[in-house]
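**Q** In order, the protein sequences belong to chains A, B, C and D. If you count the first sequence from 1, position 360 lands on 360 in the numbering used here, and the numbers rise without skipping. If you count the second sequence from 1, position 119 lands on 1119 in the numbering used here, and the numbers rise without skipping. If you count the third sequence from 1, position 278 lands on 2278 in the numbering used here, and the numbers rise without skipping. If you count the fourth sequence from 1, position 337 lands on 3337 in the numbering used here, and the numbers rise without skipping. Heads up, the beta-carbon is just placed ideally off N, CA and C, and yes, glycines get one too. None of the values given here were measured: they were computed from a predicted structure.
Number of protein chains: 4
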Amino acid sequence: MVEVEAALARALAACRLIPPDAAAAVVAACDVGRLDLVALAERAATSATPVIPLVKALTSGADPAAAAWLHHGATSQDVVDTATVLQLRDAMDLLDTRIAAAAAACATLAERHRDVVMAGRTLGQQAVPVTFGLKAARWLGALDRRREQLDWLRPRLLLVQLGGSAGTAAVYGDDADAVASALADDLGLGVADLPWHAERDRLAELAGALDAIAGVAASIATDLVLLAQSEVAEVAEAVGDAPASSAMPHKRNPVDAVAARAAARLARGECHVLLAAAADHELERAAGAWQAEWVALPSALVRTAGAVGRLGRALAGLEVDTERMRANLEREGGLTASEALAAALTPAVGRPTAQSVAGEIAARAAASGTSLREAAASDERVTGVLDADALAAALDPSAVVPRASRLVARALATHDRLRDELPSR
Amino acid sequence: MVEVEAALARALAACRLIPPDAAAAVVAACDVGRLDLVALAERAATSATPVIPLVKALTSGADPAAAAWLHHGATSQDVVDTATVLQLRDAMDLLDTRIAAAAAACATLAERHRDVVMAGRTLGQQAVPVTFGLKAARWLGALDRRREQLDWLRPRLLLVQLGGSAGTAAVYGDDADAVASALADDLGLGVADLPWHAERDRLAELAGALDAIAGVAASIATDLVLLAQSEVAEVAEAVGDAPASSAMPHKRNPVDAVAARAAARLARGECHVLLAAAADHELERAAGAWQAEWVALPSALVRTAGAVGRLGRALAGLEVDTERMRANLEREGGLTASEALAAALTPAVGRPTAQSVAGEIAARAAASGTSLREAAASDERVTGVLDADALAAALDPSAVVPRASRLVARALATHDRLRDELPSR
Amino acid sequence: MVEVEAALARALAACRLIPPDAAAAVVAACDVGRLDLVALAERAATSATPVIPLVKALTSGADPAAAAWLHHGATSQDVVDTATVLQLRDAMDLLDTRIAAAAAACATLAERHRDVVMAGRTLGQQAVPVTFGLKAARWLGALDRRREQLDWLRPRLLLVQLGGSAGTAAVYGDDADAVASALADDLGLGVADLPWHAERDRLAELAGALDAIAGVAASIATDLVLLAQSEVAEVAEAVGDAPASSAMPHKRNPVDAVAARAAARLARGECHVLLAAAADHELERAAGAWQAEWVALPSALVRTAGAVGRLGRALAGLEVDTERMRANLEREGGLTASEALAAALTPAVGRPTAQSVAGEIAARAAASGTSLREAAASDERVTGVLDADALAAALDPSAVVPRASRLVARALATHDRLRDELPSR
Amino acid sequence: MVEVEAALARALAACRLIPPDAAAAVVAACDVGRLDLVALAERAATSATPVIPLVKALTSGADPAAAAWLHHGATSQDVVDTATVLQLRDAMDLLDTRIAAAAAACATLAERHRDVVMAGRTLGQQAVPVTFGLKAARWLGALDRRREQLDWLRPRLLLVQLGGSAGTAAVYGDDADAVASALADDLGLGVADLPWHAERDRLAELAGALDAIAGVAASIATDLVLLAQSEVAEVAEAVGDAPASSAMPHKRNPVDAVAARAAARLARGECHVLLAAAADHELERAAGAWQAEWVALPSALVRTAGAVGRLGRALAGLEVDTERMRANLEREGGLTASEALAAALTPAVGRPTAQSVAGEIAARAAASGTSLREAAASDERVTGVLDADALAAALDPSAVVPRASRLVARALATHDRLRDELPSR
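1) For the alpha helix (DSSP H) containing glycine 208(A), list its first residue and its last residue.
2) Helix or strand or just coil, what does DSSP make of methionine 3118(D)?
3) Quick one: what does DSSP say glutamate 319(A) is sitting in, helix, strand or coil?
4) Could you compute how far the alpha carbon of aspartate 3387(D) sits from the alpha carbon of threonine 3336(D)?
5) Counting contacts by CB-CB distance shorter than 8 Å, is alanine 289(A) in contact with chain D?
6) At a Cβ threshold of 8 Å, is tryptophan 3294(D) touching chain C?
7) When the Cβ atoms of the region 206 to 221 of chain A are set against those of the region 30 to 41 of chain A, are three or more pairs found closer than 8 Å?
8) Comparing alpha-carbon positions, which option in Leu162(A), Ala262(A) and Arg285(A) lies nearest glutamate 3293(D)?
9) Can you list, in chain order, the residues of its chain with a C-beta nearer than 6 Å to that of alanine 2083(C)? Leave out the 5 residues immediately preceding and following it.
10) To the nearest angstrom, how far is it from the Cα of proline 1243(B) to the Cα of cysteine 1015(B)?
11) How close, in whole Å, do the beta carbons of valine 3116(D) and methionine 3325(D) come, if the pair is a contact with beta carbons under 8 Å?
12) Which residue wins for smallest C-alpha separation from alanine 2278(C), given the options Val2401(C), Glu2199(C) and Asp2078(C)?
13) Can you pull the DSSP bridge partners for arginine 285(A)?
14) Indicate the three-state DSSP secondary structure (helix, strand or coil) for leucine 3422(D) in the structure shown.
15) Note down, in chain order, each residue of its chain lying with its Cβ closer than 7 Å to the Cβ of glutamate 2360(C), except the 5 sequence neighbours on either side.
16) Does DSSP put glycine 2073(C) in a helix, in a strand, or in coil?
17) What does the alpha-carbon distance come out to for the pair leucine 143(A) and alanine 2102(C)?
18) Alanine 3136(D) by DSSP, collapsed to three states: which one?
19) For chain A, find out if any of its Cβ atoms is closer than 8 Å to the Cβ of alanine 3340(D); answer yes or no.
20) Determine which residues share a DSSP beta bridge with proline 2129(C) and list them.
21) Go ahead and label proline 1423(B) buried or exposed: buried means 16 or more other beta carbons lie within 10 angstroms of its beta carbon, across all protein chains shown.
22) Is any beta-carbon of chain B found at less than 8 Å from that of proline 3243(D)?
23) Just checking: is the beta-carbon of arginine 1351(B) within a distance shorter than 8 Å of some beta-carbon in chain A?
24) Can you grab the Cα-Cα spacing for the pair proline 3298(D) / leucine 3150(D), in whole Å?
25) Suppose you measure from the CA of glutamine 1087(B) to the CA of alanine 1105(B); what does that come to, to the nearest Å?
26) What residue does the alpha helix (DSSP H) around aspartate 396(A) start on, and which one ends it?
27) Given 8 Å as the limit, is there contact between the region 2188 to 2204 of chain C and the region 2154 to 2165 of chain C, that is, 3 or more CB pairs closer than that?
28) Please classify glutamate 3339(D) as buried or exposed, where buried requires at least 16 other C-beta atoms within 10 Å of its C-beta.
29) Name the DSSP bridge partner or partners of alanine 296(A)?
30) Out of Ala300(A), Asp96(A), Leu140(A) and Trp196(A), state which residue places its alpha-carbon closest to the alpha-carbon of glycine 1141(B).
31) Are isoleucine 99(A) and valine 308(A) touching if we call contact CB-CB under 8 Å?
32) Tell me which same chain residues have a C-beta within less than 7 Å of the C-beta of serine 1246(B), skipping the five on either side of it?
33) Nearest chain A C-beta to valine 1160(B) closer than 8 Å, yes or no?
34) Using a cut-off of 7 Å between C-beta atoms, extract the partners of leucine 2123(C) located in chain A.
35) With 16 other CB atoms within 10 Å as the buried threshold, where does arginine 1313(B) fall?
36) At 7 Å on the CB atoms, spell out the chain B contacts of glutamine 3149(D), in chain order.
Printed below as a string of structure tokens:
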């Protein structure tokens, strides 16, 4: 806020609305070091906004010219909102950097484990083979899409607010546009068509974006937690210097993924506050919905950035047990090939018969503890239409690799393109 | 879903994966009229998805070729998700049409009442004069921005899903990309880089957009409710054939605005379900988060479209009492000019003195029941620096008109541009 | 609503405010069969409430005495709110019945598997042994507590609304209390101290309760989904006649648990609408917050009851694989006994040394693939303080049974008490 | 947490599980002053819980006996959860005190202005007369009900957690119950039937209660904001030393009510996090849902207490302009008596005719700018059935007073009863 008051004075001087000396005096007065922050916070609690006591504190003991012109023509909301946008710019940079880092870690995982076969799981059940490369590529795609959304939002959000008491910037008269432009230039921000004191739809869009980002972080972190379960054990977080459990020294907790999930939940709470607040701004300034943003917006940014940061750490150090992936696939007797078996039979017998034959064989294999392969190889409905080689080919989980690999290549190509197109922050 | 199954058969035939006759048989079987919807719903409740009983019902009694090839290579989620996207396309069209209609009504209001002076109100208190044109222009801007967001989202959302059981479309082998493209062409949709069975960040972005749209509708509707209050009475909804209150025949309830606010609240609930669900999709298919979308997504669209539709009706017929606007401004003794008074005094005495003088005069006027104008004209601290003409000019609420009018012009220019750029749906 | 109008007429007659014949005429007119519900819905959409067209429809073509007295002295909100309470009563009964059924299933599981040892899992990692009986008992406790909450809420919620236009029931004059009592008696409801047209804190409390109930259902259902994972496979839902996956015939999907989780998510959305609405009721009747309740409240009840119903079905037919539970515990080499090992060493060497020795042994066992038991038996720091029997006792997972069994007994005792205290609905 | 570790040592000594000297050493080590809180926070960020580094820090440099026995048999969650309950107890006391203070202010307002007639407003429109006493009594009722809910919750929430790693308190063997009881006694808390590491339904119930409390605060604060609007001006907050608006010296902002509304919105966000988290706790300890509680629960308490505190301040100093209340009622030409007019005509002509006559007269009065009284007095359909005195009595807004006054008395009687029954905290 102090930075905004100083920039406003410079802008007013640039537009010749206040003398250059006055601007210099204001800028000199705008020194955070002069403030007693605790006293200021206390006074803010009894005012409608923190700006009133801030202006008082900055002008108190300052050069009379500063006292005369500091905050000239502005309303509290101009200062609070523009200051918020300055914070938002930094936060969006941090967020973008962290998403990019997590995406880079996914790209590395996708390349390194492109052809590693593992179980795909639907509703918690092993379903059909996939590759770990494809899984990492899907994570990558979601992260990259969120960077695109942030990039789309940036110019729509990073705007000065300068409308005076009710959006008309009446005090500046015909110079209102010039002052807003000068202020925006000074701060490196844009200018909106219209004042946005009570139109907070842009912040609603931001809240939706943050919620989506936190959601991507949570969703990937959930995959990590599930894959790290004792009975699955396909991935583990790097041990680093993280202490073990206080009571269970053997545990290998997915600490960063857990923290990412917790932070994402917390972020959603604040995003929800912002979305509801945006709907409730009324007339020329809201009586409650605006004030809630003061807390919820920075908190939403911190929590979202926390979720992405912890996820990035989990991904960057992720240990992948590719042997266990293959073993888990086999341990269920190769039942995940039942879809492939049905597909291989379909040309000869039609889909319904193929499905029912494959289903029966799978059930028999599961009940008897033999593998699907053996059960299929001893079933005449299968051997009547598929020879041994064809059957082996159909049941080989590696059959998924070529297609999955092409999908990975696509995600990596998109990632490379975005890395070039979206500037790193 | 029936449409998707038919399109899939055509796509498979186009890729020569099934015979043309089989495709024709599938298409013939895909007739909604053949379904017992109640029985289907009951069976769906005991299955993991509605697709299993649907496929059974469509193939039952159908040509054997249809039974053999219907649903070939697809998983339930392919059908449900693609069908959802088809609904979404229609819903987004409807939503865009309704937002455009509400925006057009705002543009008309902004033009017609461009220079009508009224009280700007902050925290419920009359603050400084604004124009009704500016208010309508601000509503317009928010609505137009939401159309831009929908336009940005459209190609990111309107995508087929065709990944088979775990996203690899394994059954189609090397033809997987070709089948997906053919299906997309058939349905007029796009193709995603990657399967999105468990990456629902796009739906989170949609939920954020719907919440923002509903929020804009609610925020404008709230303005209407507040301006229609008995004691304010600056706007009223068209009476039409809406019956009066059951017990209070004199009331003029803002029925459409109230309905818009209620629908927007309801929409937010479903958007929140979607945002939370997107964060909780796991592995290759979610065990609960996906299924919740089946209800929440269509409901969110209906509720959001309802909110915008009711708002549009309220705006289209809005009665604006411009005399009452002026009278309300005067009734408070012209106190809303106190900021302007302070601004007029500032060049001569500096901002702090000017503010305190204006404040004292305003307080004296309020306490004595005289107008600010009279109180200022009899105060030497004012008359010493402002002559009668200058004082009158400073206190004239119409002084806001030129600046406000330029802002209105900007919003209308943006609106015109978007009307050309964004195709009407 | 029709039922409420009829009851009101009887109450007015009982208080001698309308003639008995008029009451009889009103009751005769209050016949749902006389209504064209589609036309009524359309008219309701353009009115502030559905009651205005309803009263018109009921009086149209009715006995003139009915037309003269139907809805006498009531406001729309009286009818809508009281009708809502009637629905709520039925819904609370259904909900209580379903929670009780799910609790009974848990009690059976807890008794039957009281002493079955299995892995306790924290953060997804096997931690220490627990019993399945204890797990079921914890589920039971949560369900029983929710019944207690419903029981506490019942008399606080099941209240008539009869305040007329603004809560004063002015039309009835001195008879207002008598009419309210008579109406309440007629409908079997209570009477509140005060009108509650705009004080919706009771509904907020209900929404909190529904959210808590849905949360319990979701939390238990999540346990079922996790325990049913292919790699864990300790429980499975009864197969019944649920069809298998469309593409993966071998899968054993936890269909009911998944549906319970989905329904609980959906319930939360509506509860959130209700909680937000309760905060936004203003003055004597809300302009939007009240109307949102019309949709959100019944929907919240349906969704919550759906979640509990599906959970109950999952629990009632649950297949428990106690051998697999034991095998999973062993498969990790008995590492879950590391806490017990540390505890056994503590008296001799102090907690820090005990923890670090146990940790080292666990790490060595995990790295070498031997069991914790073997690794401990060959470590002098252990054998120096524990003889073979003491070591075996310390590492026996069954050591948890006595304490867990006492906890189960407590939960069952509480359950039995509540079954007696809380009437079945 | 430090307090819990100390109490645990005392409890263990009381149960003779550790020597008295060891307990004394632990208690001595449990000195917050010995902690480097910043370093602790940093280490906590890389651990699964803050307890691991806390135990390390407390034992570092402590008496060896302390190091040997501090945290004996407990898991991190035991310490975090029990410490949370200690905070919760203080917070619930604070909250109850603040609700009671706000309720007391309402009781004073209800008594003082029991018979002050004002406009009741539905959907923002003047509807029928009410009294300000009744309005304050309705606020009072909602606040008192929330105290009752807190009282119901208190014994259900204020419970120790002591289950060890997975709820079985295995390390304590047969002494587990005794240790839990001793710990509970030491801390003045209760003991639950069962461990509640993953059953968070009690916290969901708390979150619902906090949301309901915040909602009551918001709803009353909204009434204050609406009644304080410039055009209504029936109430105003005490000016105190709150500075005026920065740019608009004449404004009388409802600062405390606005802050209460903002805080209540923020509280709802955290309550929603807690409700969602409760639904997602899994198995023996949640991987994310639990950790989110660490932030959301204290924040929810702070925000809710903030909302109630600011509301209490607004109510305690509320200035009530009873003349303006009467004037606002008159200013609309007495149209709020139209319901009463219809009621007075009903016995003679039946409800439909009475309503339509009253409606026509009200419309004529509104259109011509005369009062309802005059319009009615000159209408033969009225004068034919009501003489001048009867008409005057019917249209007198004071007719509402007796009934409203009885309602106020009821609310005050309940309030007095609760003041006696619920101990002040």
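**A** This is what the structure gives:
1) Here residue 208(A) is taken as the residue at index 208 of the first sequence, counted from 1. 201 to 227 is the span of the alpha helix (DSSP H), which, as asked, contains glycine 208(A).
2) Taking the first residue of the fourth sequence as 1, we reach residue 3118(D) at position 118. If DSSP states are grouped into helix, strand and coil, methionine 3118(D) belongs with the strands.
3) Translated into the one-based positions of the first sequence, residue 319(A) becomes position 319. In the structure shown, the three-state DSSP call for glutamate 319(A) is strand.
4) Sequence index remark: in the fourth sequence, residue 3387(D) carries index 387 (1-based). Sequence index remark: in the fourth sequence, residue 3336(D) carries index 336 (1-based). One Cα belongs to aspartate 3387(D), the other to threonine 3336(D), and the distance between them is close to 20 Å.
5) The residue given as residue 289(A) occupies position 289 in the first sequence. Answer yes: the Cβ-Cβ gap between alanine 289(A) and chain D drops below 8 Å somewhere.
6) Taking the fourth sequence and counting its residues from 1, one reaches residue 3294(D) at position 294. Cβ-Cβ to chain C under 8 Å: no for tryptophan 3294(D).
7) Not touching, per the Cβ criterion.
8) Stepping through the fourth sequence from its first residue, residue 3293(D) is reached at position 293. Considering only alpha carbons, the answer is Ala262(A).
9) Taking the first residue of the third sequence as 1, we reach residue 2083(C) at position 83. Leaving aside the five residues that flank alanine 2083(C) on each side, the residues in its chain whose CB is nearer than 6 Å to its CB run, in chain order, Met2001 and Val2004.
10) For the purposes of this step, residue 1243(B) is taken as residue 243 along the second sequence, with counting starting at 1. For the purposes of this step, residue 1015(B) is taken as residue 15 along the second sequence, with counting starting at 1. Unreliable placement is indicated for proline 1243(B), whose pLDDT of 47 sits below 50; the coordinate value is still reported in the next sentence. When rounded, the distance between both Cα atoms is 60 Å.
11) Taking the first residue of the fourth sequence as position 1, residue 3116(D) is located at position 116. Taking the first residue of the fourth sequence as position 1, residue 3325(D) is located at position 325. So it is a contact: roughly 6 Å between Cβ atoms.
12) As a working note, residue 2278(C) is residue 278 in the third sequence. In this structure, Glu2199(C) is the residue among Val2401(C), Glu2199(C) and Asp2078(C) with its C-alpha nearest to the C-alpha of alanine 2278(C).
13) Position 285 of the first sequence, counted from the first residue, corresponds to residue 285(A). According to DSSP, which records beta bridges pairwise, arginine 285(A) is partnered with Thr1122(B).
14) What you label residue 3422(D) is simply residue 422 of the fourth sequence in a count that begins at 1. In the three-state scheme derived from DSSP, where H, G and I count as helix and E and B as strand, leucine 3422(D) is classed as coil.
15) The residue labelled residue 2360(C) in the question sits at position 360 within the third sequence. Result list for glutamate 2360(C): empty, nothing under 7 Å.
16) Indexing the third sequence from 1 puts residue 2073(C) at position 73. Coil.
17) Here residue 143(A) corresponds to residue number 143 of the first sequence, with the count starting at 1. Here residue 2102(C) corresponds to residue number 102 of the third sequence, with the count starting at 1. Cα to Cα, the separation comes out at about 41 Å.
18) Here residue 3136(D) corresponds to residue number 136 of the fourth sequence, with the count starting at 1. It is helical.
19) Working through the fourth sequence from its first residue, we reach residue 3340(D) at position 340. Chain A, which has no Cβ nearer than 8 Å to the Cβ of alanine 3340(D), makes this no.
20) On the third sequence, position 129 is the one that residue 2129(C) refers to. Answer by DSSP bridge pairing, in chain order: Ala2119(C).
21) The count along the second sequence starts at 1 and reaches residue 1423(B) at position 423. Exposed: under 16 other Cβ atoms inside 10 Å.
22) Residue mapping note: residue 3243(D) aligns to position 243 of the fourth sequence, counting from 1. Confidence in proline 3243(D) is poor, its pLDDT being 47 and thus under 50, which makes the residue's placement unreliable; the coordinate value appears in the next sentence. With 8 Å as the cut-off, proline 3243(D) does not count as an interface residue toward chain B.
23) Translated into positions along the second sequence, residue 1351(B) becomes position 351. The beta-carbon of arginine 1351(B) is placed less than 8 Å from the nearest beta-carbon of chain A.
24) Here residue 3298(D) refers to the residue found at position 298 of the fourth sequence. Here residue 3150(D) refers to the residue found at position 150 of the fourth sequence. Straight-line measurement puts the Cα of leucine 3150(D) at about 16 Å from the Cα of proline 3298(D).
25) What you label residue 1087(B) is simply residue 87 of the second sequence in a count that begins at 1. What you label residue 1105(B) is simply residue 105 of the second sequence in a count that begins at 1. Taking the straight line joining both Cα atoms gives about 27 Å.
26) Your numbering for residue 396(A) matches position 396 in the first sequence. Per DSSP, aspartate 396(A) belongs to no alpha helix (DSSP H) and is neither H nor E.
27) The region 2188 to 2204 of chain C, when compared against the region 2154 to 2165 of chain C, does touch it at the 8 Å Cβ threshold.
28) Reading the fourth sequence from its first residue, position 339 is the one you call residue 3339(D). Burial call: buried.
29) To locate residue 296(A), count along the first sequence from 1; it is residue 296. Its beta-bridge partners do not exist; DSSP assigns none.
30) Sequence index remark: in the second sequence, residue 1141(B) carries index 141 (1-based). Glycine 1141(B) has its Cα closest to that of Trp196(A), out of Ala300(A), Asp96(A), Leu140(A) and Trp196(A).
31) Residue numbering aside, residue 99(A) sits at position 99 when the first sequence is read from its first letter. Residue numbering aside, residue 308(A) sits at position 308 when the first sequence is read from its first letter. With respect to the 8 Å criterion, isoleucine 99(A) and valine 308(A) are classified as neighbours on the basis of their beta carbons.
32) Taking the second sequence and counting its residues from 1, one reaches residue 1246(B) at position 246. Low per-residue confidence applies at serine 1246(B): pLDDT is 49, beneath 50, and the placement is therefore not dependable enough to give any value.
33) Counting from one through the second sequence, the residue named residue 1160(B) turns up at place 160. So no, valine 1160(B) is outside the interface.
34) Working through the third sequence from its first residue, we reach residue 2123(C) at position 123. What leucine 2123(C) touches in chain A: Asn253, Pro254 and Val258.
35) Residue numbering aside, residue 1313(B) sits at position 313 when the second sequence is read from its first letter. Here arginine 1313(B) is buried, its C-beta having at least 16 other C-beta atoms within 10 Å.
36) Counted from its first residue, the fourth sequence places residue 3149(D) at position 149. Within chain B, no residue comes near glutamine 3149(D); the closest Cβ sits about 23 Å away, beyond 7 Å.
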